[in-house]
Each structure stands twice: as C-alpha cells, then as structure tokens.
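2 protein chains.
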Amino acid sequence: MKQYCKFESALDILIGKWKPVILLQLIANGAMRFSELQKAIPGINKKMLTQQLRELEYNDIVHREVYHQIPPKVEYSISEYGQSLGAVLQVMNDWGTAHIDHMNMLYGAEDRSEQE
Amino acid sequence: MKQYCKFESALDILIGKWKPVILLQLIANGAMRFSELQKAIPGINKKMLTQQLRELEYNDIVHREVYHQIPPKVEYSISEYGQSLGAVLQVMNDWGTAHIDHMNMLYGAEDRSEQE
DNA sequence: CGTTAAGGTTACTATTTATTAACCAGGTTT
DNA sequence: AAACCTGGTTAATAAATAGTAACCTTAACG
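Protein chains in written order, with UniProt numbering: chain A, 1 to 116; chain B, 1 to 116.
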C-alpha cells in the first residue's frame, strides 16, 4: 500500500516559485548564461535566480559551468542526470493539460484568475 | 518547444504542506472521515486539514460526502476523476525513489537531514 | 442543565518564502 | 579616474503559508 510514498521527493525539487520557468527555459534553449535567464524570465531578480539555480544544482538537475573571464561568464544547463526528469515533466504536463480542460468543464471557461 | 509548459498545473494541485500525505492516506484507505484523517496524520490540525481538503475538492481530486446526522459524519475519498492522478503519482514516485538513491550516491548515505 | 460528539470556522500569531535595494570584485571602456 | 560589465552576496522588508486556540452547531446523554 506504500505505492506512491516517495513522490514527494520528486515534488520537492520542483517546488519554488521560479523553478518551473527556469527549467522550461533551459529545456527549450539549452545552455544559458545567468544574464540570459534573467532577461528571459520577467519579474525574477538576481537573488531568486541564484537561489533557485543553486537548489537545482544541488539536486544535480542543473549543471553550472564557470568560464574564468572578466567580466565573468557562467552557463547553466540541464545536466545529463537532469534529463531523466523529462519523462516526469511530460507526464505531469499531459495530465496538467487535461486538468485545465477538466476545470474549465467544471467551472466554465470564463478566464477567472482567482479561486474563492 | 513548449512541450512541458503545462506541468505547473499538475504541480499546483499537489503543493501544500499536507496534500501529499492526505492523498496517500485516501489512496491507501479509501473513504475516510475527517476525524480519521486527523488521527492518521500526526501534527495536522483542523484548520489545515479542512483547508487542504477543500483545495483538493475544488480541483475535483477528492470527493466530500456529507451524512446528515448528529453528530455529523463527513467522508472524504479520491474522486473518480482524481483516480487519474494515480499514473502521475506513480511516475513521480518512481523517479523520486531513484532520485533518493542518486542523492545518496552523490553526497553519501549518512542521514543528513539538512542541506547547506 | 451542563457535557460530549463531529466537523468545522474565526481571529490572531508565528514561520517560511519571496522581494527590494545596496554593495562587491576586478578588469575594460570612456 | 569615473563608470560599466557580469555574476553574484547581504541585510532588511513584505507577502504568503501554516499553526494555535477559542468558538459554533444540533441533538443525545447523565
């Protein structure tokens, strides 16, 4: 009966206000430098970008490559191991897409951005 | 390139300190009443239990069945539609299990509960 | 008539997360 | 020499999330 009991460890590494969009960027664009990510993600600030990248790096999802130059250059990319997350995201995406439809069916398709 | 762009909508319904454990309970035990959930989940309080259940109910993952009796009886269960989440949890669980191993490999298996 | 029962709600506090803005390094351009 | 570049860090603040404790309902029990 403890079938799904470890799904939280997958959940944990995706949780964080900016992690999904960071991953999406890196998946779509391959290696990106810090400033490119910052430009590509409106509303994010350096601190959050650093912090979320560090957490993804700690989990070996993202690889950080430092070029010792002045001014510095640092590139982030999905790590070899991180690629394995693709299948998970795919399944979540498929279900998520269907879920949006399901919710529209239940509550109507008016673009309500709030719940309550 | 917008392959996984909706995976956040799946993520959203799983986010919340108690949602995973509530789902796990309901998956394992079928219908459970409010007080049974409260007993089964150490540390949770009425407010949080109600709130998380309401969010799951709003997303049609959990079904709420009220028995009009005194004292009241309310049973919660995974809804018909909510069953479809099972496949997602399964994939996340499998990856999560492997990820725990991967992290142990990277950082050693000493039971470090903190990062940093 | 006060207490108990189940399943909540409410107002208030505490803890966690996220945001803002200022600062740093060290070489290059003006 | 002042200002700019990138990729950060730090301290302080705001916003969001979670936790505590007291209260509510309606009927039955002692």
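Quick reminder that beta carbons are idealized off the backbone N, C-alpha and C, glycines included. Bear in mind that the values here come from a model prediction, so they are computed numbers and not experimental data.
Next item on the list: State yes or no: is the beta carbon of Glu-75 (chain B) nearer than 9 Å to at least one beta carbon in chain A?
Entry: Locating residue 75 (chain B) in the second sequence gives position 75, counting from the first residue. Taking 9 Å as the CB threshold, Glu-75 (chain B) stays off the interface with chain A.
Check: Going by alpha carbons, who is nearest to Trp-18 (chain A) out of A:Glu-65, A:Pro-71 and A:Arg-54?
Finding: To locate residue 18 (chain A), count along the first sequence from 1; it is residue 18. For Trp-18 (chain A), the closest alpha carbon among the candidates A:Glu-65, A:Pro-71 and A:Arg-54 is that of A:Arg-54.
Note to self: Below 8 Å on C-beta distance, what does Asn-104 (chain A) contact in chain B?
What the structure shows: Counted from its first residue, the first sequence places residue 104 (chain A) at position 104. Per Cβ cutoff of 8 Å: no residues; Asn-104 (chain A) is ~11 Å from chain B at best.
Next item on the list: Could you tell me which residues DSSP pairs with Val-64 (chain B) in its beta bridges?
Entry: For the purposes of this step, residue 64 (chain B) is identified with residue 64 of the second sequence, where counting begins at 1. The sequence shown places Arg at residue 64 (chain B), not Val. By DSSP's assignment, Arg-64 (chain B) forms a beta bridge with B:Tyr-76.
Check: Does Val-88 (chain A) get closer than 9 Å to chain B when you measure Cβ to Cβ?
Finding: Taking the first sequence and counting its residues from 1, one reaches residue 88 (chain A) at position 88. Taking Cβ atoms only, chain B reaches closer than 9 Å to Val-88 (chain A), which makes this a yes.
Note to self: Given this structure, state the Cα-to-Cα distance separating Ile-22 (chain A) from Glu-57 (chain B), to the nearest angstrom.
What the structure shows: By 1-based counting over the first sequence, the position of residue 22 (chain A) is 22. By 1-based counting over the second sequence, the position of residue 57 (chain B) is 57. Going by the C-alpha atoms only, they are around 30 Å apart.
Next item on the list: Mind listing, in chain order, the continuous alpha helix (DSSP H) runs of no fewer than 4 residues lying wholly within the UniProt domain "HTH hxlR-type" (5–104) of chain B?
Entry: Runs of the alpha helix (DSSP H) inside the UniProt domain "HTH hxlR-type" (5–104) of chain B: 7–14, 19–29, 34–40 and 46–58.
Check: Hey, how far is the Cα of Ser-82 (chain A) from the Cα of Val-62 (chain A)?
Finding: Locating residue 82 (chain A) in the first sequence gives position 82, counting from the first residue. Locating residue 62 (chain A) in the first sequence gives position 62, counting from the first residue. For the record, residue 82 (chain A) in the displayed sequence is Gly; it is not Ser. Taking the straight line joining both Cα atoms gives about 6 Å.
Check: In whole angstroms, what separates the C-alpha of Gln-3 (chain A) from that of Ala-87 (chain B)?
Finding: Start at 1 with the first residue of the first sequence, and residue 3 (chain A) comes out as number 3. Start at 1 with the first residue of the second sequence, and residue 87 (chain B) comes out as number 87. Near 11 Å, if we compare the C-alpha coordinates of Ala-87 (chain B) and Gln-3 (chain A).
Item checked: Residues that Glu-8 (chain A) contacts on chain B, provided the C-beta gap is smaller than 8 Å -> By one-based count along the first sequence, residue 8 (chain A) stands at place 8. For Glu-8 (chain A), the residues of chain B that pass the 8 Å Cβ criterion are Pro-20 and Gly-96, in the order they occur in the chain.
Note to self: Can you pull the chain A neighbours of Ser-84 (chain B), defined as C-beta to C-beta under 8 Å?
What the structure shows: As a working mapping, residue 84 (chain B) is identified with position 84 in the second sequence. Those are Trp-95 and Ala-98, listed as they occur along chain A.
Item checked: Partner residues on chain B for Tyr-11 (chain A), Cβ-Cβ distance less than 9 Å -> If you number the first sequence from 1, residue 11 (chain A) lands on position 11. Correcting the residue type first, residue 11 (chain A) is Leu in the shown sequence and not Tyr. Within 9 Å Cβ-Cβ: Leu-11, Leu-14, Ile-15, Pro-20, Met-92 and Gly-96.
Check: Anyone know if the C-beta pair for Ser-84 (chain A) and Leu-26 (chain A) falls short of 9 Å?
Finding: Taking the first residue of the first sequence as position 1, residue 84 (chain A) is located at position 84. Taking the first residue of the first sequence as position 1, residue 26 (chain A) is located at position 26. Ser-84 (chain A) places its beta carbon 9 Å or farther from that of Leu-26 (chain A).
Next item on the list: Using a Cβ cut-off of 7 Å, pull out every chain B residue sitting near Tyr-4 (chain A), in sequence order please.
Entry: Your numbering for residue 4 (chain A) matches position 4 in the first sequence. By Cβ distance, chain B contributes Leu-24, Ile-27, Leu-89, Gln-90 and Asn-93.
Margin query: Quick check on Lys-47 (chain A): buried or exposed, where buried means 16 or more other Cβ atoms within 10 Å of its Cβ?
Written below: Mapped onto the first sequence, residue 47 (chain A) falls at position 47. The residue is exposed, with fewer than 16 neighbouring Cβ atoms inside 10 Å.
Notebook entry, point to check: List, in order along the chain, the chain B residues whose C-beta lies closer than 9 Å to that of Asp-101 (chain A)?
Noted result: Here residue 101 (chain A) is taken as the residue at index 101 of the first sequence, counted from 1. Taking the beta carbon of Asp-101 (chain A) as reference, no residue of chain B falls within 9 Å; the closest one sits roughly 10 Å away.
Notebook entry, point to check: Between Glu-114 (chain B) and Met-103 (chain B), what straight-line distance do the alpha-carbon atoms span, to the nearest angstrom?
Noted result: Position 114 of the second sequence holds residue 114 (chain B). Position 103 of the second sequence holds residue 103 (chain B). Confidence is the limiting factor: at Glu-114 (chain B) the pLDDT is only 44, short of 50, which leaves the residue's position unreliable, though a coordinate-based value still follows. In this structure, the straight-line span from the alpha carbon of Glu-114 (chain B) to that of Met-103 (chain B) is close to 13 Å.
Check: Whose C-beta lies closer than 8 Å to the C-beta of Tyr-67 (chain B) among residues of the same chain, with five residues either side of it excluded?
Finding: Residue numbering aside, residue 67 (chain B) sits at position 67 when the second sequence is read from its first letter. A distance below 8 Å between beta-carbons, with the five flanking residues on each side excluded, links Tyr-67 (chain B) to the following residues of its chain, in chain order: Lys-73, Val-74 and Glu-75.
Next item on the list: Would you tell me roughly how many angstroms separate the C-alpha atoms of Gln-69 (chain A) and Phe-34 (chain A), rounded to the nearest one?
Entry: Against the first sequence, residue 69 (chain A) aligns to sequence position 69. Against the first sequence, residue 34 (chain A) aligns to sequence position 34. Here the alpha carbon of Gln-69 (chain A) sits roughly 14 Å from the alpha carbon of Phe-34 (chain A).
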